[in-house]
Structures are given as structure tokens and as C-alpha cells.
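Visitor: One structure, pasted below without further comment.
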């Protein structure tokens with residue numbers, strides 16, 4: 029069987045079959061990959077026929093549309109090129125080990141060969157975009173097929189996928205902008221790009237885990253301890269979703285944006301997201317917002333304005349009322365629509381988080397970044413209004429204006445806590461029983477003496493646990 033120069037190179041000394049890749053798999057993983065090989069070989073053959081080697085058609089039938097036909101065809105060609113006698117078990121296992129557990133450079137070389145045309149020294153931006161898009165679709169199928177949605181009800185919409193593609197393609201250029209359509213991507217460029225986008229590399233590896241492992245298991249089997257050392261353990265998964273009632277609440281998140289935000293959160297917080305608040309479900313009241321989000325640990329805040337822009341921030345610490353900025357450099361702001369962007373600490377100041385109420389000389393509301401009255405993201409205590417004053421950029425996060433207009437009207441606010449719940453002190457347990465409006469009696473008494481009642485008094489709910497949207501309405505235009 030003749031080999032092109034690119035195929036010879038992939039099958040040569042620099043590639044998977046000549047390295048001890050099989051040692052990267054545990055005994056259980058080797059057994060599972062071996063079973064996959066036997067399953068492919070037996071497709072379309074009678075009981076008495078020898079199950080050794082497989083054709084392109086057999087490989088296509090096994091994958092069942094989980095990967096683009098062009099990638100499947102090139103993969104079969106690479107497997108054949110390694111041994112003219114046919115595709116042996118060792119050849120198959122070596123290649124799977126390279127795709128799933130090889131070094132970043134080894135994986136990227138093989139991926140480049142599976143995506144680019146034969147003899148091509150470079151691929152187009154369109155080919156890279158198509159690759160990412162197809163892998164995202166396969167990723168969503170992996171989550172559902174292998175019962176790894178972990179309590180979420182999310183999708184990958186074409187719009188969400190395209191925003192993800194646009195974001196990761198920015199890492200192909202030196203200036204952080206999306207490359208022009210005519211840009212060519214060499215193999216070296218492709219390797220460097222994957223090094224800059226570990227989330228993309230992880231998605232690629234996870235998808236190949238999906239395509240070349242045994243039959244899906246039930247949710248109970250997936251969660252059982254005996255799967256921890258199997259290939260299935262490495263399948264794609266989302267953080268566990270806690271306390272979300274999907275019959276009542278529809279999140280603003282989708283699979284790509286959840287992956288992006290979770291990846292940027294500190295590693296120890298990525299296992300669990302706890303639903304705390306939605307203005308559409310719990311009511312559009314600042315007091316209600318505070319009663320749901322204070323003392324809950326790190327949080328992700330989502331805001332949608334009436335112009336359709338979706339943006340927010342990650343708070344690295346619990347929200348607590350006070351006159352000063354708090355938080356750490358792990359905080360960040362982000363935009364999700366009309367485009368996706370992550371804006372981390374610039375190091376120029378420490379104005380990460382601010383929350384205060386009912387003060388005469390200080391801003392009353394929730395803010396992240398910037399300075400008083402010029403926040404990168406601000407929600408006013410008079411719930412319904414906010415601003416994103418960042419011209420040219422927010423000093424704290426180096427972020428642009430997040431909202432459609434500098435001063436915006438809120439359409440929706442949604443908050444998730446990330447990571448395990450913090451342990452409560454006895455004082456916090458007692459405070460949790462009080463209304464947020466009762467926690468500073470001295471300040472209230474002072475305001476009463478000077479004839480100024482509290483601005484939020486009229487927002488007090490009779491039942492602090494009430495989830496009745498009709499109780500509080502956002503202001504209309």
C-alpha cells in the first residue's frame with residue numbers, strides 16, 4: 029500500500045506506534061480499548077469469520093456520526109499506513125493512547141493530520157473553525173450519551189458554539205484578535221494554539237474517549253467506584269449542578285459558556301455549581317438578592333440588560349456588606365453576549381468586590397472593579413438599574429464596557445455559587461434567620477433620627493422564602 033509523505037511522517041519515528049504508549053493505559057483501560065477494537069472488527073462479519081483488522085466502513089459504522097466523515101476517513105488512512113498487513117490491535121491501541129494520553133505536541137500532530145488535507149503544510153481558519161464546531165457537537169453528545177450532564181439542562185446552540193469558536197481562535201494571533209479568514213495555520217501554529225487553549229485540547233481528548241470506548245453505562249454505573257480507573261472515568265463532564273429546579277428556572281448559561289467560566293474559576297471550585305438566585309424566579313428586589321447570595325462562598329453573577337447584552341463577574345469570596353472593597357486577584361469580569369470575553373485582574377488596584385446598602389456618603393449597591401460611581405459592573409440598590417463605566421477600560425480588570433449602554437436597565441440577574449458551601453459560624457447561623465434589613469440596627473436608628481427611613485424598607489418581603497415573581501417587578505422602559 030503506497031503512502032504519501034505526510035502519512036509516512038505520521039507513521040514514522042516521531043509518532044505514536046514507536047513509543048510505549050500502551051503503558052499509559054491501566055490494565056482495565058487496555059482491556060476496554062481491546063474490546064473496542066474487537067467490536068469494530070466484528071461489525072458486518074458472521075460468527076465464524078475471523079475478527080482481525082477492519083475497513084473504513086466498519087470504522088464509520090462504529091463511530092456512528094460522532095465525528096465528521098473526513099476525520100474518520102483520515103484516521104483510518106493513518107491506521108492503515110502504520111502496518112501494510114492490516115490494522116492490528118497494537119496499532120489501534122497505540123493510536124488511541126496517543127489521542128487520549130499523549131503529550132500536547134503528539135496529540136496536536138495527529139489532530140493536524142486528521143483535519144488537514146493530505147500533503148498540506150497548513151490548514152485554513154475555516155478548517156480549524158469546522159474542527160472546533162464538530163468537536164463541540166460531539167462533546168454535547170458525549171455528555172448526554174454517557175449521562176454526564178450532572179443535573180444540568182443545557183444545550184450547544186449554533187450561536188453559542190460560534191461565540192466559543194471566535195473566542196478560542198483569538199489565541200491563534202499574536203495580538204489576541206480573531207485571525208483573518210485567509211490566514212493559514214501551520215502545524216507549528218496549531219501546536220502553539222493548543223498549548224494556549226487547554227480547554228480545547230481537553231475537549232478534543234474527551235471526544236475521542238467517547239468515540240472509542242465501550243457501550244454507554246447507566247447513571248448509577250457511571251457514578252460507581254469501579255469506573256474510576258476505566259476509560260469512562262475520563263469522559264467529559266460538567267460540574268455538578270445543585271439546587272436548580274428546571275421546571276421553574278431556565279438559566280442563561282449554555283454548555284460552551286459554562287465550560288469557559290468553570291475553566292477560569294480556581295481549580296478547587298470547579299466540581300460544583302449551586303443555584304442561588306434568579307430575579308425572574310425569586311423577585312426583582314435588591315434585599316431579596318442579598319438574602320440569597322451573602323455568606324454563600326465564591327459566586328458567578330450573570331446580568332442581562334434590556335438590550336440583550338449578557339455579562340457578569342466571578343467573585344472569589346462571599347458577598348458581605350461593608351464600606352470597603354474586598355476580594356482577590358482571582359476575581360474576573362466577563363461578557364457572554366454579543367461576544368464572549370474573560371477579563372482578569374490587571375494588578376493596577378484591588379477594587380475587586382464591593383457591597384453596601386443604606387449609606388449616605390457611600391454608593392449603595394453591588395459593584396466589581398473600577399472605583400466609586402465608575403464601576404466595571406454595578407447593580408444599584410434601587411434594583412433595576414446599573415452601569416458599566418469603563419472608558420477606555422476598567423482599571424481593575426482591563427475590561428471594556430460590558431453593557432450595551434453605559435447606564436443600563438436590568439432585564440435579569442442570575443447568581444450561582446461555585447464550590448462546596450462554606451461552613452457557617454454560630455453568628456452566621458443567627459444572622460441567617462434575620463432579614464438583610466435588620467442586620468445594622470445602629471445605622472437604622474441614626475437614619476430614623478435624621479428623618480430618613482431606609483430606602484429598601486418597602487422592599488421587605490412578608491415571607492423571605494417566597495419564590496413568587498409577581499411580588500417584585502423590574503421597571504419597564
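Numbering (our numbering), first residue to last: 29 to 505. For every residue, glycine included, the Cβ atom is placed at its ideal position computed from N, Cα and C.
Looking only at its chain, what residues have a beta carbon closer than 8 Å to the beta carbon of residue 470, apart from the 5 residues adjacent to it on each side?
Guide: The residue labelled residue 470 in the question sits at position 442 within the chain shown. Only weak support exists for where residue 470 lies, its pLDDT of 48 falling under 50; the value from the coordinates is given anyway. Nothing listed; no residue qualifies.
Visitor: Kindly indicate the opening and closing residues of the alpha helix (DSSP H) around residue 166.
Guide: Along the chain shown, one-based indexing puts residue 166 at 138. Counting along the chain, the alpha helix (DSSP H) containing residue 166 begins and ends at 153 to 173.
Visitor: Just tell me which of 136, 299, 157 has its CA closest to the CA of residue 216.
Guide: Taking the chain shown and counting its residues from 1, one reaches residue 216 at position 188. Measuring from the Cα of residue 216, the nearest candidate turns out to be 136.
Visitor: According to the Cβ coordinates, are residue 444 and residue 328 closer than 7 Å?
Guide: For the purposes of this step, residue 444 is taken as residue 416 along the chain shown, with counting starting at 1. For the purposes of this step, residue 328 is taken as residue 300 along the chain shown, with counting starting at 1. Yes.
Visitor: So who's on the other strand from residue 268, going by DSSP bridges?
Guide: In the chain shown, counting from the first residue as 1, residue 268 sits at position 240. The partner list for residue 268 (beta bridge, DSSP) reads 300.
Visitor: Unbroken beta strand (DSSP E) runs of length 3 or more, entirely within the segment 396 to 460: which are they?
Guide: 402 to 408, 413 to 415, 435 to 446
Visitor: For residue 388, count the other beta carbons within 10 Å of its own beta carbon; 16 or more makes it buried, fewer makes it exposed. Which is it?
Guide: Residue 388 sits at position 360 when you count from the first residue of the chain shown. So residue 388 counts as exposed.
Visitor: Mind checking whether residue 200 and residue 332 have CB atoms under 7 Å apart?
Guide: By 1-based counting over the chain shown, the position of residue 200 is 172. By 1-based counting over the chain shown, the position of residue 332 is 304. Result no, Cβ atoms of residue 200 and residue 332 do not sit closer than 7 Å.
Visitor: Around the Cβ of residue 294, are there at least 16 other Cβ atoms within 10 angstroms (buried) or fewer (exposed)?
Guide: In the chain shown, counting from the first residue as 1, residue 294 sits at position 266. Its Cβ having fewer than 16 others within 10 Å, residue 294 is exposed.
Visitor: When you compare only the Cα positions, how much space is there between residue 138 and residue 229?
Guide: The sequence position of residue 138 within the chain shown is 110, counting from 1. The sequence position of residue 229 within the chain shown is 201, counting from 1. The straight-line gap from Cα to Cα measures roughly 12 Å.
Visitor: Beta-carbon separation of residue 394 and residue 407 under 7 Å?
Guide: Taking the chain shown and counting its residues from 1, the one referred to as residue 394 is at position 366. Taking the chain shown and counting its residues from 1, the one referred to as residue 407 is at position 379. Contact: yes.
Visitor: Give the C-beta separation of residue 345 and residue 381 to the nearest angstrom, bearing in mind that I take them to be a contact with Cβ-Cβ under 8 Å.
Guide: Your numbering for residue 345 matches position 317 in the chain shown. Your numbering for residue 381 matches position 353 in the chain shown. Rounded, the Cβ-Cβ distance is 7 Å, consistent with contact.
Visitor: So what does DSSP say about residue 346, is it helix, strand or coil?
Guide: Mapped onto the chain shown, residue 346 falls at position 318. Coil at residue 346, not helix or strand.
Visitor: Under the three-state reduction of DSSP, which class applies to residue 333: helix, strand or coil?
Guide: Position 305 of the chain shown, counted from the start, is the residue given in the question as residue 333. In the structure shown, residue 333 sits in a strand (DSSP, three-state: E or B).
Visitor: Report, in whole angstroms, the separation of the C-beta atoms of residue 339 and residue 431, which I expect to be a contact under 8 Å.
Guide: As a working mapping, residue 339 is identified with position 311 in the chain shown. As a working mapping, residue 431 is identified with position 403 in the chain shown. The Cβ separation is near 7 Å, so the contact holds.
Visitor: Alpha carbons only, please: which of 309, 362, 222 is nearest the one belonging to residue 405?
Guide: As a working note, residue 405 is residue 377 in the chain shown. The shortest Cα separation from residue 405 among 309, 362, 222 belongs to 362.
Visitor: Can you tell me where the alpha helix (DSSP H) with residue 129 in it begins and where it stops?
Guide: In the chain shown, counting from the first residue as 1, residue 129 sits at position 101. Start and end: 117 to 129.
Visitor: Distance check for residue 324 and residue 307, CA to CA, integer angstroms please.
Guide: As a working note, residue 307 is residue 279 in the chain shown. As a working note, residue 324 is residue 296 in the chain shown. Taking the straight line from one Cα to the other gives about 17 Å.
Visitor: So does the segment 112 to 123 actually touch the segment 209 to 226, counting three or more Cβ pairs closer than 8 Å?
Guide: no
Visitor: Should residue 274 go down as buried or exposed, given a rule of 16 or more other Cβ atoms within 10 Å for buried?
Guide: Position 246 of the chain shown, counting from 1, holds the residue named residue 274. Exposed is the call here.
Visitor: What number of angstroms, rounded off, separates the C-alpha of residue 198 from the C-alpha of residue 284?
Guide: Reading the chain shown from its first residue, position 170 is the one you call residue 198. Reading the chain shown from its first residue, position 256 is the one you call residue 284. Each residue's Cα considered, the two are about 16 Å apart.
Visitor: Relative to the C-alpha of residue 367, which residue among 351, 391, 188 is closest?
Guide: What you label residue 367 is simply residue 339 of the chain shown in a count that begins at 1. For residue 367, the nearest C-alpha among the options comes from 188.
Visitor: If you compare alpha carbons, which of 232, 148, 356, 241 is closest to residue 134?
Guide: Counting from 1 along the chain shown, the entry for residue 134 is found at position 106. When each option's Cα is compared against that of residue 134, the closest is 232.
Visitor: Is it buried or exposed for residue 478, if we count other Cβ within 10 angstroms and need 16 for buried?
Guide: As a position in the chain shown, residue 478 is number 450, starting the count at 1. Unreliable placement is indicated for residue 478, whose pLDDT of 47 sits below 50; the coordinate value is still reported in the next sentence. If you draw a 10 Å sphere on the C-beta of residue 478, you find fewer than 16 other C-beta atoms in it, and that means exposed.
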